[in-house]
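Line by line, the protein sequences are chains F and D. First residue of the first sequence? That's 949 in the numbering used here, and the numbers climb one at a time after it. First residue of the second sequence? That's 949 in the numbering used here, and the numbers climb one at a time after it. All residues carry an ideal CB built from backbone N, CA and C; glycine is no exception. No experiment lies behind these values; they were computed from the predicted model shown. To keep things clear, I will list the structure first and then write my remarks on it.
Protein chains: 2
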Amino acid sequence: MAVTMQDVAARAGVSIKTVSNVVNGYPHIRPATRERVEEAIDHLGYRINETARSLRTRRTDMITLAVPELSLPYFAELADSVIQAADDRGLTVLIEQTSHGREREVDVLTGKRRNMTDGLIFSPLELGPEDLALFDVDFPLVVLGERVFGAPADHVTMNNVAAAKAATVHLASLGRKRIAVVGGHEGEQVGSAALRTTGYRQGLDEAGLPYDPALVAEAGLWHRSTGAEAMGRLLDDGVEVDGVFALNDALALGALHALHTRRLDVPGDVAVIGFDDIDDARYSVPTLSSVDPGREQIAQTAVDLLVARITGTETGPFRRVVPDSRIIGRESTGDVPEGGEGRPVAVQEGGTEPAQPLTEPVAI
Amino acid sequence: MAVTMQDVAARAGVSIKTVSNVVNGYPHIRPATRERVEEAIDHLGYRINETARSLRTRRTDMITLAVPELSLPYFAELADSVIQAADDRGLTVLIEQTSHGREREVDVLTGKRRNMTDGLIFSPLELGPEDLALFDVDFPLVVLGERVFGAPADHVTMNNVAAAKAATVHLASLGRKRIAVVGGHEGEQVGSAALRTTGYRQGLDEAGLPYDPALVAEAGLWHRSTGAEAMGRLLDDGVEVDGVFALNDALALGALHALHTRRLDVPGDVAVIGFDDIDDARYSVPTLSSVDPGREQIAQTAVDLLVARITGTETGPFRRVVPDSRIIGRESTGDVPEGGEGRPVAVQEGGTEPAQPLTEPVAI
DNA sequence: CGGTTAGCCTACAACGTTGGAAAGCAACGC
DNA sequence: GCGTTGCTTTCCAACGTTGTAGGCTAACCG
């Protein structure tokens, strides 16, 4: 059948273990022996059996990344970054899509859907604080996102409130007085929607603008389609608007679309800013100003934290890491002329803190 | 350490093999025995060790999907579909990004980057016909795309020439006379660029339009940025254009951007059609007409073919499968009014044929 | 020159599971 | 009443690798 170490050993005239030693770079091997073994490996086309190795070493060098779905550009780009970061560290990434309901998310944590990987990077969409107990798992876990704070796991999140506030203030600084927010989740206390909405209100406060509930456009799912609908509703209701803060870029792109079909000029009539800084933002018409939440850094940090737990390098208390985020000004806010390149117009610094503070988790 | 079948067996008072039989759904087990085993499993929180199982059964129920990069929307959506299709068949997908050069693609095939999976779905971007020998691998392989025809593997591809021809004819049928093509690869004989350009020329012929080299805008990489550049070059050179066939949607979106910045109306001044029908096409401004190459069907078929080879259900000659493709008319070609929904305006039927024809591979 | 050390290599026993074959046992048929 | 049959369970030996412990040289030291 397949070539095994047995076969290589036979041909090289050494023991199996010596072949193993060669393959694993054990230093004390006579050059002549190493050469014979390598010749045999090449000649027989030997490939190590990773499965057997994993059984023995209890490591697979694979990690799971669980995200809602890859067709959402933010998650596709996140996956790209995570895969690269993992690759740099010699790991392969197995992807689980959990978009098909809460149950899938539970399965990911309970391990039903976590085959043989050494650890999990999980970005929940449905699970919330009430499910905190589920996060107490016996394998290395890094949580992403804003759904769950205080889980017994490392956590990489965003500067949501501060960045949303800055985005709102930025619109205000451009002279906008009627700033709508697109993508709100009525009554929700947790998650990106709540945090970013909080930042929006703080931004209004700081700018001395009143909060008007009529300016809040709900959108359950954060897709382009729902963004277009929400924006459309607002406009069709005759709400006066001269600025839009969309809670993510997909919503913002949908909003641009709705504004366009109603013949409103961006940024002339309405300035628009999104959140996530997906690749699309650079090529939409007009190009979209956005908040860059530090995706690269999120991916790298998540992988690093996970690796540290897997290897046992880190055994201390869980951490919460918040990368720096930046506001990127583009055409949709008039920060650059048409055809110009986006540029940072503000930076919010992140940091690290314990994942389980003594007091109630503070929105950061 | 972790709970093993040993522990379960001890608690249930049966042999290890009986536990294995229960876990694997072996039918001939006394209900009382099964119950005891299941109680023990629940009580001890036993989880099967997939690594050990894989070593024994020589199956991991994982497959590799190798694509250039997930941040390209087409591949993100393809990955989404493949993961879902795999999931429906009880498989997990491991993703390799090969965007960082030819070497990575070679590694994927030689197995250096194919850990423990049962098979590979591979969409090459760099490898071409000259690398045919590399595709003669000893594991189940399904090839996607247009780089390589006639490899000793199942192949799922697109109706490239026919669909590109239809797209061009569609533009002509709208009265466009000066139809540019964006994304050409000068001198390249293989790959999507060549096939779709061939279709473009066939379309011109059919429509009785002359071929004008000035209307061909090269773009090495198919990104939005390169599409914008290529389109911009064309316009800045003063080439007269009233229609654009972009070889994929990313290019088309870039082209839309370039047209917009030069204050040309789409579809008024220039009608634009893309290829791939990515999600973006439905929400760009204006919405983008495109060729839907049957992505879902590609993913499903690819997984099915791979599974058939893995399980040994299929051992016959390799197949080439071409899903049906459709032209979706949207605003950018004026097929629907602003705010309207895209709709199919033409269908090209696919089919199945041997992957290694007796004659030279014919472009399909 | 004998004893120690360092370098190199091997034997053996796992890792946790499943395939195959055989054994135990009850019911069945004649 | 005894061989046969069929269900149920067990025993044993892999799957291909690596950790541990130990053995054998050759070199080195005093």
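(request) Give the residues of chain F in contact with residue 1021(D), contact being defined as C-beta atoms less than 9 Å apart. (result) Stepping through the second sequence from its first residue, residue 1021(D) is reached at position 73. Neighbourhood of residue 1021(D) in chain F, by CB distance below 9 Å: 1019, 1021, 1024, 1227 and 1228, in chain order.
(message) Considering only DSSP beta bridges, list what residue 1296(D) is partnered with.
(response) Counting from one through the second sequence, the residue named residue 1296(D) turns up at place 348. Beta-bridge pairing by DSSP links residue 1296(D) to 1273(D).
(message) I'd like to confirm the pairing. Which residues does DSSP put opposite residue 1194(D) in its beta bridges?
(response) Sequence index remark: in the second sequence, residue 1194(D) carries index 246 (1-based). Partner(s): 1130(D).
(message) On the CB-based measure, 16 or more other CB atoms within 10 Å of its CB, does residue 1225(D) come out buried or exposed?
(response) Here residue 1225(D) is taken as the residue at index 277 of the second sequence, counted from 1. So residue 1225(D) ends up on the buried side.
(message) Any beta carbon of chain D sitting closer than 8 Å to that of residue 1208(F)?
(response) On the first sequence, position 260 is the one that residue 1208(F) refers to. Judged by the 8 Å Cβ criterion, residue 1208(F) is in contact with chain D.
(request) Could you tell me the distance, in whole angstroms, from the CA atom of residue 954(D) to the CA atom of residue 988(D)? (result) Position 6 of the second sequence, counted from the first residue, corresponds to residue 954(D). Position 40 of the second sequence, counted from the first residue, corresponds to residue 988(D). Straight-line Cα distance between these residues: approximately 11 Å.
(request) Count the CB pairs spanning the region 1254 to 1268 of chain D and the region 1234 to 1246 of chain D that are closer than 8 Å, and state whether there are at least three. (result) When Cβ pairs closer than 8 Å are counted between the two stretches, the region 1254 to 1268 of chain D is seen not to touch the region 1234 to 1246 of chain D, the count staying below three.
(request) Indicate whether residue 1011(D) and residue 1056(D) have their beta-carbon atoms separated by less than 8 Å. (result) Taking the first residue of the second sequence as position 1, residue 1011(D) is located at position 63. Taking the first residue of the second sequence as position 1, residue 1056(D) is located at position 108. The answer is no: Cβ separation not under 8 Å.
(request) Verify whether the separation of the beta carbon atoms of residue 1168(F) and residue 1194(F) is less than 8 Å. (result) The residue labelled residue 1168(F) in the question sits at position 220 within the first sequence. The residue labelled residue 1194(F) in the question sits at position 246 within the first sequence. No, Cβ-Cβ distance for residue 1168(F) and residue 1194(F) is not below 8 Å.
(message) Contact criterion: CB-CB distance below 8 Å. Does residue 1308(F) meet it with respect to chain D?
(response) Locating residue 1308(F) in the first sequence gives position 360, counting from the first residue. Residue confidence for residue 1308(F) is low, a pLDDT of 45 falling below 50, so the modelled location carries little weight and cannot support an answer.
(request) Could you spell out where the beta strand (DSSP E) holding residue 1070(F) opens and where it closes? (result) Numbered from 1 along the first sequence, position 122 holds the residue referred to as residue 1070(F). Residue 1070(F) -> beta strand (DSSP E) spans 1067 to 1070.
(message) Does chain F have any CB closer than 8 Å to the CB of residue 1280(D)?
(response) Here residue 1280(D) refers to the residue found at position 332 of the second sequence. No, because no Cβ of chain F sits closer than 8 Å to the Cβ of residue 1280(D).
(request) Go to residue 1015(F), then tell me how far its beta strand (DSSP E) extends in each direction, as first and last residue. (result) On the first sequence, residue 1015(F) is found 67 positions in, with the first residue counted as 1. In the DSSP assignment, residue 1015(F) falls within the unbroken beta strand (DSSP E) covering 1010 to 1015.
(request) Report back the beta-carbon spacing between residue 1254(F) and residue 1088(F) to the nearest angstrom; my notes put them in contact at under 8 Å. (result) In the first sequence, residue 1254(F) corresponds to position 306, counting from 1. In the first sequence, residue 1088(F) corresponds to position 140, counting from 1. Between residue 1254(F) and residue 1088(F) a beta carbon distance of about 6 Å is seen, short of the 8 Å cut, so the two are scored as contacting.
(message) Applying the 10 Å Cβ sphere with the 16-neighbour rule, what's the burial state of residue 960(F)?
(response) Here residue 960(F) corresponds to residue number 12 of the first sequence, with the count starting at 1. Its Cβ being crowded by 16 or more others within 10 Å, residue 960(F) is buried.
(message) Whole angstroms are fine: how far does the CA of residue 1114(F) sit from the CA of residue 1142(F)?
(response) Position 194 of the first sequence, counting from 1, holds the residue named residue 1142(F). Position 166 of the first sequence, counting from 1, holds the residue named residue 1114(F). Their backbone Cα atoms lie some 16 Å apart in a straight line.
(request) Would you grab the beta carbon distance between residue 1212(D) and residue 1218(D) for me? Rounded to a whole angstrom, and I think it's under 8 Å. (result) On the second sequence, residue 1212(D) is found 264 positions in, with the first residue counted as 1. On the second sequence, residue 1218(D) is found 270 positions in, with the first residue counted as 1. That pair is a contact at about 6 Å.
(request) Would you mind sorting residue 1283(F) into buried or exposed? The rule is 16 or more other CB atoms within 10 Å of its CB. (result) In the first sequence, the residue the question calls residue 1283(F) occupies position 335. Buried is the label assigned to residue 1283(F), since at least 16 other Cβ atoms lie within 10 Å of its Cβ.
(message) Is there a Cβ of chain D sitting closer than 8 Å to that of residue 1104(F), yes or no?
(response) Against the first sequence, residue 1104(F) aligns to sequence position 156. Not closer than 8 Å to any Cβ of chain D, the Cβ of residue 1104(F) fails to qualify, so no.
(message) Three Cβ pairs or more, each shorter than 8 Å: is that satisfied between the region 1030 to 1050 of chain D and the region 1242 to 1261 of chain D?
(response) Contact check between the region 1030 to 1050 of chain D and the region 1242 to 1261 of chain D: three or more CB pairs, one atom from each, fall below 8 Å, which counts as touching.
(message) One question on the structure: do residue 1229(D) and residue 1278(D) come within less than 8 Å of each other, judged by their Cβ atoms?
(response) Here the question's residue 1229(D) lines up with position 281 in the second sequence. Here the question's residue 1278(D) lines up with position 330 in the second sequence. Yes; because the gap between Cβ atoms is below 8 Å, this pair is in contact.
(message) So residue 1082(F) contacts chain D; which residues on that side make the cut at Cβ distance below 8 Å?
(response) Locating residue 1082(F) in the first sequence gives position 134, counting from the first residue. Against residue 1082(F), chain D offers no close residue; the least beta-carbon distance is about 14 Å (beta-carbon pairs closer than 8 Å).
(message) Measuring CB atoms only, is the region 1078 to 1097 of chain F touching the region 1136 to 1154 of chain F, in the sense that at least three cross pairs come out at less than 8 Å?
(response) A contact between stretches requires three or more CB pairs, one per stretch, nearer than 8 Å, and the region 1078 to 1097 of chain F meets this requirement with the region 1136 to 1154 of chain F.
(message) Only counting the same chain, and skipping five residues up and downstream in sequence, which positions put a Cβ closer than 7 Å to that of residue 956(D)?
(response) As a first step, residue 956(D) is located in the second sequence; it is residue number 8 there, counting from the start. These residues qualify, in order along the chain: 967, 985, 988, 989, 992 and 994.
(request) Label residue 1107(D) either buried or exposed according to how many other C-beta atoms from any shown protein chain fall within 10 Å of its C-beta, with 16 as the threshold for buried. (result) Sequence index remark: in the second sequence, residue 1107(D) carries index 159 (1-based). Classification of residue 1107(D): buried, given that the 10 Å Cβ count is 16 or more.
(request) Give a yes or no on whether the minimum CB-CB distance between residue 1233(F) and chain D is below 8 Å. (result) Looking up residue 1233(F) in the first sequence gives position 285. Interface with chain D (8 Å Cβ-Cβ cutoff): residue 1233(F) is included.
(message) Please list, in chain order, the chain D residues whose beta carbon lies closer than 8 Å to that of residue 966(F).
(response) Here the question's residue 966(F) lines up with position 18 in the first sequence. Those do not exist, as residue 966(F) stays about 22 Å from chain D at its closest Cβ, beyond 8 Å.
(message) Can you check whether the C-beta of residue 1108(D) is within less than 8 Å of a C-beta belonging to chain F?
(response) Position 160 of the second sequence, counting from 1, holds the residue named residue 1108(D). Not an interface residue.
(request) Output the boundary residues of the beta strand (DSSP E) element that contains residue 1214(D). (result) Within the second sequence, the letter at position 266 stands for residue 1214(D). For residue 1214(D), there is no enclosing beta strand (DSSP E), as DSSP marks it with neither H nor E.
(request) Could you check the C-alpha separation between residue 1231(F) and residue 1000(D) for me, to the nearest Å? (result) For the purposes of this step, residue 1231(F) is identified with residue 283 of the first sequence, where counting begins at 1. For the purposes of this step, residue 1000(D) is identified with residue 52 of the second sequence, where counting begins at 1. Straight-line Cα distance between these residues: approximately 49 Å.
(request) Check the Cβ of residue 1173(F) against every Cβ in chain D and list those closer than 9 Å, keeping chain order. (result) In the first sequence, counting from the first residue as 1, residue 1173(F) sits at position 225. Result: 1230 and 1231.
(request) Measure the alpha-carbon distance for residue 1300(F) versus residue 1270(F) and round it to whole angstroms. (result) By one-based count along the first sequence, residue 1300(F) stands at place 352. By one-based count along the first sequence, residue 1270(F) stands at place 322. Roughly 6 Å separates the two Cα atoms.
(request) Measure the beta-carbon distance from residue 1030(D) to residue 1247(D) and round it to whole angstroms, keeping in mind my assumption that it falls under 8 Å. (result) Residue numbering aside, residue 1030(D) sits at position 82 when the second sequence is read from its first letter. Residue numbering aside, residue 1247(D) sits at position 299 when the second sequence is read from its first letter. With a Cβ gap of about 5 Å, residue 1030(D) and residue 1247(D) count as contacting.
(message) Taking 8 Å as the threshold (C-beta atoms), are residue 1147(D) and residue 1105(D) in contact?
(response) As a position in the second sequence, residue 1105(D) is number 157, starting the count at 1. As a position in the second sequence, residue 1147(D) is number 199, starting the count at 1. The answer is no: Cβ separation not under 8 Å.
(message) Give the list of continuous beta strand (DSSP E) stretches no shorter than 3 residues that lie fully inside the region 1119 to 1194 of chain D.
(response) Qualifying beta strand (DSSP E) stretches, in chain order: 1127 to 1132, 1164 to 1166 and 1191 to 1194.
(request) Quickly, what does DSSP pair residue 1240(F) with across the bridge? List them, please. (result) On the first sequence, position 292 is the one that residue 1240(F) refers to. DSSP, once it has assigned bridges, lists 1274(F) as partnering residue 1240(F).
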